[in-house]
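What follows is a single structure, written as structure tokens, with notes after it.
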Amino acid sequence: MLTSICGINWGDEGKGRMVDLLSQDYDIVCRYQGGNNAGHTVINDKGRFILNLLPSGILRENVVNILGCGMVIDLKHLCGEIENLRKAGIKISPYNLKISDKAVITMPYNVLQDVMEEERLEKATGKPYGSTRRGIAPIYADKYMKKVFRMGELLNTKLMYGRVADIVEWKNLTVKAYGHDPVKPQDMIDYLEEYGGKLKDYVCDTGLYLNKANAEGKRIMFEAQLGALRDIDYGIVPYTSSSSTIAAYAPIGAGVPNLKLDKSIGIMKAYSSCVGAGPFTCEYFGDKAVTLREAGGEYGAATGRPRRVGPFDAVASRYGIMCQGADEIALTKLDVLDGYEEIEICTAYELDGKVIHDFPFTDVLDYCKPVFEKVKGWHCDISACRTAEDLPKEAYDYIKLLEKLCNCKIKYVSVGAEREAFITMY
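Residue numbers for the sequence shown follow the numbering used here, so the first one is 474 and each next one is one higher.
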């Protein structure tokens with residue numbers, strides 16, 4: 474059984490919370506793209522955890538966790554993340570954590586380049602991309618330029634270190650153009666030695682491991698980072714990530730392009746949130762935004778930045794569901810809407826005086842206006858509900874309306890941050 478857990482919207486939909494919940498039925502959880510530029514927040518009986526690189530299945534003792542070949546890995550950050558979990562009593566070893574030998578290493582100069590470009594854009598145009606400044610775009614660019622180091626090279630550092638000077642010389646052409654001091658090759662070797670040395674025991678051919686596990690009938694879950702609207706091909710370019718966030722990429726980014734998904738579970742919130750720059754048609758402003766942001770605790774798990782918020786966007790969600798090929802939906806944070814007597818939903822966009830229902834090309838999104846409809850809220854606490862029958866009629870009707878608007882069944886509904894605070898609808 475191969476299942477993908479993927480984001481339907483702009484990211485931050487609550488994928489980590491759902492992976493933590495659903496991973497009880499899986500043997501393996503694999504991250505297949507991205508780096509430490511986003512975070513999955515998980516709250517369970519062990520505590521509250523923010524995971525940037527590690528799959529959310531790491532919090533279950535019997536689950537094997539994999540960082541796939543489609544990822545870009547900040548060695549220092551990963552070492553710190555592992556250490557923090559160990560301090561919290563989470564056991565991590567080469568048995569339950571495996572890193573693809575083909576995954577790419579994010580280098581310190583990639584982070585430097587990311588920061589310099591954001592600062593240049595801010596100064597020159599006042600319109601930075603809203604990058605997390607963690608080197609993600611530069612390292613993916615380097616990957617396609619074929620000027621990177623891969624995790625498998627940590628097993629043969631003599632050859633690896635022999636390549637450092639040439640790559641650093643090339644990278645310094647860019648670094649010095651920004652007016653920064655050049656990067657020193659020895660500093661990069663020291664970095665690889667210090668942090669790579671701590672991780673080399675986890676490195677292996679995860680493609681072989683996953684193919685064998687699949688042949689043995691193991692249940693494998695693929696965990697995505699961010700959402701469909703941040704995908705490098707199908708998202709709101711250029712305000713996207715630099716990797717493919719869609720479910721169809723999961724087997725490729727995991728290291729098993731020969732395998733096919735059995736199920737795609739899309740994750741979306743009961744309202745909308747967006748961190749970073751770019752078009753966000755249904756955005757709230759002023760007091761409405763503050764109220765919803767505070768109710769939902771909408772601050773970036775990786776950066777702490779306040780997220781932009783708004784009502785549920787059916788136009789963007791239908792598009793995301795299509796991109797992800799979602800077979801069913803997990804709806805998160807429904808309880809955040811408990812305090813509303815009346816709830817708005819963005820059911821369509823208005824563009825040049827015409828009402829449209831299909832998600833348009835990025836360039837025209839800035840000219841779109843949201844078309845809102847209002848429904849009656851339930852105005853009571855639903856956090857103790859554990860069955861569909863427990864829900865107040867208005868909350869149940871809201872779920873069914875989102876199903877109708879999105880043309881996709883909602884199977885799971887989160888009514889709280891804790892592991893057990895959810896409802897299975899069917």
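Just so you know, even glycine gets a beta-carbon here, dropped at the ideal spot from N, CA and C.
Treat the numbers as computed from the prediction; the structure is a model and nothing was measured.
In terms of CA proximity to residue 587, 648 leads the group 648, 493, 750, 769. The alpha-carbon of residue 592 is positioned some 40 Å away from that of residue 537.
With respect to residue 680, residue 627 sits apart: the two C-beta atoms are not nearer than 8 Å. Look at residue 819 here: in three-state DSSP terms it is strand.
Excluding its 5 nearest sequence neighbours in each direction, residue 708 has C-beta neighbours in its own chain below 6 Å: 702, listed in chain order. With respect to the C-alpha of residue 508, the residue from 544, 488, 529 having the closest C-alpha is 544. Take the alpha-carbon of residue 897 and the one of residue 887: they are about 9 Å apart. Following the DSSP letters along the chain, one finds residue 681 in no beta strand (DSSP E) but inside the alpha helix (DSSP H) bounded by residues 679-688. With 16 or more other CB atoms across the displayed protein chains lying within 10 angstroms of its CB, residue 621 is buried.
In the three-state reduction of the DSSP assignment, residue 617 falls in the helix class, which pools H, G and I. Residue pairing by DSSP places residue 572 opposite 540, 676 in a beta bridge.
Under the three-state reduction of DSSP output, residue 557 falls in the helix class. When rounded, the separation of the alpha-carbon atoms in residue 495 and residue 654 is 48 Å. Taking a C-beta distance under 8 Å as the contact criterion, residue 531 and residue 563 qualify as a contact pair.
Of the residues assessed, residue 722 falls on the buried side of the cut-off, its CB having 16 or more other CB atoms within 10 angstroms.
Beyond the five residues adjoining it in sequence on each side, residue 499 comes within less than 6 Å, by CB distance, of 692, 694 in the same chain, given in chain order.
CA-to-CA, the gap between residue 731 and residue 687 works out to about 11 Å. Taking C-alpha positions only, residue 832 is separated from residue 838 by approximately 9 Å. Below 8 Å, too few C-beta pairs join the segment 734-754 and the segment 547-558 to call them touching: fewer than three. Exclusion of the five residues before and after residue 806 leaves 487, 742, 743, 744, 769, 887 as the residues of its chain whose Cβ lies within less than 8 Å of its Cβ.
One thing to note: residue 750 has its Cβ within 8 Å of the Cβ of residue 712. Sixteen is the threshold: when 16 or more other Cβ atoms of the shown chains lie within 10 Å of the Cβ of residue 754, as they do, the residue is buried. Where residue 746 is concerned, the enclosing beta strand (DSSP E) starts and stops at 745-747. Rounded to whole angstroms, the separation of the alpha carbons of residue 851 and residue 577 is 48 Å. For residue 790, the enclosing alpha helix (DSSP H) covers residues 787-797. In the assembly as shown, residue 854 is an exposed residue. Its beta-carbon has fewer than 16 other beta-carbons within 10 Å. By the neighbour-count definition (other C-beta atoms within 10 Å, threshold 16), residue 497 is an exposed residue.
Annotated three-state conformation of residue 503 is strand, per DSSP. If you check the CB distance, residue 682 and residue 571 come in under 8 Å. Take the alpha-carbon of residue 873 and the one of residue 824: they are about 27 Å apart.
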